[in-house]
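J.: Residue numbers (the working numbering): 566 to 924. Just so it is clear, CB atoms sit at the ideal spot from N, CA and C, and this is done for glycine as well. Here the structure is a predicted model, which is why all the values come from computation and not from measurement. The structure is given below, and queries will be raised subsequently.
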Amino acid sequence: MNLIYPDYYPKFQCLAGACPDTCCKDWQIILDPDTHARYRALPGELGERVRASLVEEDGETRFAVQDGHCPLLAADGLCDIQRALGEEALCRTCGSHPRFSEIYGLTEEQSLSISCPAAARLLLGRSTPVRFARSQDGRPLDGYNDLDPELYRALDRARGFAIRLVQDRRWALPDRLALLLLFAKRMQGFLDEDRCDLTDRLLSQFSSDAYLHRQRTRLSRLRGCRGSFTPLWLLLRNMEHLTSRFPALLEAALHAAPPREFWRAYGAQAENLCVYFLFRYFKKAVNDRQLLPRVCACVFHLLAVRQLFAAQEEASLDALIHVCSLYSKEVEHSEENLALLQRAFSRRALTGRALIRLL
């Protein structure tokens, strides 16, 4: 299997009991069938405790939630199962978090969810652009991906270009994000017309500094129009919420002044955050050709984080990491919330133009 992952991926280390926001709370942990069978046969007092902590619901087995956290979470922030039996005894969800992977044919793309504070710090605690590494692990293809090869190659090239565009620090970040939305809109047109063969022509056009300068000037006039965060706030408020902290922060954000210096003060962090979202979601359009809604969602995430950050008592990197981690837990880890966001842009309840006005 060919592997692609961000350069900080191998550096990840779980903070265990020192984690400021343990992954053993706030959400339901579903057991995979193999682990379920192993826990059912687990002997001794620990086995009895584990089995007493399991509940069956809608054909799935999960750990019950006790006072907002997993019953096997000890007071020192450590897991009793891992303490007694080692990391290999954890269920698939607990053992892999915050690692995520997406398989496209013979390629597996690996990433770290920023819902984990340690992963968020690896991404946001750097000022240098994120790079991507490639390797092979010798595994054969497990299963079958029914991908359109021409569409996949087009999206792969387009994503690489989109990331380079966002990382081009000759331009201010709001200009780069506006150009990214324009690029995605043009690319969506080709996908709608089934003309993936025109992708290289689009990449060549957007590689011209003269063309980018003209478009940047045109888009800056749109950015000069006053935009409102309220439509974004309404969408976030109507999402599924996992914690009580997020609705409270969202309410405070509605009344917070827009953080006008955010792009300048945290430009590198916002750039890396955008690259993180593009890497995770851009190529999912291979399944439905819906690229523009996904790129709009990436910019939506940045604008939401920026406004939530404005509601913090202090402006610091630690505060930004906290906001990003909480936001990711609430939005990225809910298929329902991601689908709601996708529908909003697919049906044009929100548009790229509305996002540009907020940049």
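Can you tell me where the alpha helix (DSSP H) with Thr764 in it begins and where it stops?
T.: For the purposes of this step, residue 764 is taken as the residue at position 199 of the sequence shown. Counting along the chain, the alpha helix (DSSP H) containing Thr764 begins and ends at 764 to 771.
J.: Report yes if the C-beta distance between Phe844 and Val860 is below 8 Å; otherwise report no.
T.: Taking the first residue of the sequence shown as 1, we reach residue 844 at position 279. Taking the first residue of the sequence shown as 1, we reach residue 860 at position 295. No, these two residues do not count as a Cβ contact at 8 Å.
J.: Taking the C-alpha atoms as reference points, what is the distance between Arg699 and Leu720?
T.: For the purposes of this step, residue 699 is taken as residue 134 along the sequence shown, with counting starting at 1. For the purposes of this step, residue 720 is taken as residue 155 along the sequence shown, with counting starting at 1. Roughly 18 Å between the two C-alpha positions.
J.: Where does Val620 land, buried or exposed, given buried means 16+ other C-beta within 10 angstroms?
T.: Within the sequence shown, the letter at position 55 stands for residue 620. Its Cβ having fewer than 16 others within 10 Å, Val620 is exposed.
J.: Going by CA-CA distance only, name the one from His662, Pro598, Val896, Ala862 that's closest to Gly624.
T.: Against the sequence shown, residue 624 aligns to sequence position 59. For Gly624, the nearest C-alpha among the options comes from Pro598.
J.: Assess, as a yes-or-no matter, whether the region 862 to 873 is touched by the region 755 to 774 under the definition of 3 or more beta carbon pairs within less than 8 Å.
T.: Touching, no, given that fewer than three Cβ pairs across the two stretches are closer than 8 Å.
J.: Taking just the CA atoms, how far does Ser769 sit from Tyr717?
T.: One-based indexing of the sequence shown puts residue 717 at position 152. One-based indexing of the sequence shown puts residue 769 at position 204. Spanning the two alpha carbons is a distance of roughly 19 Å.
J.: With DSSP collapsed to three states, give me the class of Gln872.
T.: Sequence index remark: in the sequence shown, residue 872 carries index 307 (1-based). DSSP places Gln872 in helix when its eight states are reduced to three.
J.: Consult DSSP for Phe910 and reduce its assignment to one of helix, strand or coil.
T.: Sequence index remark: in the sequence shown, residue 910 carries index 345 (1-based). Phe910: helix per DSSP, three-state reduction.
J.: Is Pro824 helix, strand or coil when you go by DSSP?
T.: Taking the first residue of the sequence shown as 1, we reach residue 824 at position 259. The answer is coil: DSSP assigns Pro824 none of H, G, I, E or B.
J.: Under 6 Å Cβ to Cβ from Arg922, same chain only, skipping five residues before and after it: list those, please.
T.: Numbered from its first residue, the sequence shown carries residue 922 at position 357. Around Arg922: Cys790, Gly792.
J.: CB Pro636 to CB Ser661, shorter than 8 Å?
T.: Residue 636 sits at position 71 when you count from the first residue of the sequence shown. Residue 661 sits at position 96 when you count from the first residue of the sequence shown. Cβ atoms of Pro636 and Ser661: not closer than 8 Å.
J.: Identify which residue in His898, Gln855, Ala880 has its Cα closest to the Cα of Arg913.
T.: Numbered from its first residue, the sequence shown carries residue 913 at position 348. The residue with the shortest Cα to Cα distance from Arg913 is Gln855.
J.: Measure the C-alpha to C-alpha separation of Met804 and Glu897 and round it to an integer number of angstroms.
T.: As a first step, residue 804 is located in the sequence shown; it is residue number 239 there, counting from the start. As a first step, residue 897 is located in the sequence shown; it is residue number 332 there, counting from the start. Cα to Cα, the separation comes out at about 11 Å.
J.: Would you identify the three-state DSSP class for Val731, choosing helix, strand or coil?
T.: On the sequence shown, position 166 is the one that residue 731 refers to. DSSP places Val731 in helix when its eight states are reduced to three.
J.: Using a Cβ-Cβ distance under 8 Å, would Arg605 count as near chain D?
T.: Checking the listed chains, one finds no chain D in this structure; it contains a single protein chain.
J.: What do you reckon, are the CB atoms on Leu744 and Tyr573 nearer than 8 Å?
T.: Start at 1 with the first residue of the sequence shown, and residue 744 comes out as number 179. Start at 1 with the first residue of the sequence shown, and residue 573 comes out as number 8. The answer is no: Cβ separation not under 8 Å.
J.: Taking the alpha carbon of Ile569 as the reference point, which residue from Asp713, Gly670, Arg616 has its own alpha carbon closest?
T.: On the sequence shown, residue 569 is found 4 positions in, with the first residue counted as 1. Ranking Asp713, Gly670, Arg616 by Cα distance to Ile569 puts Gly670 first.
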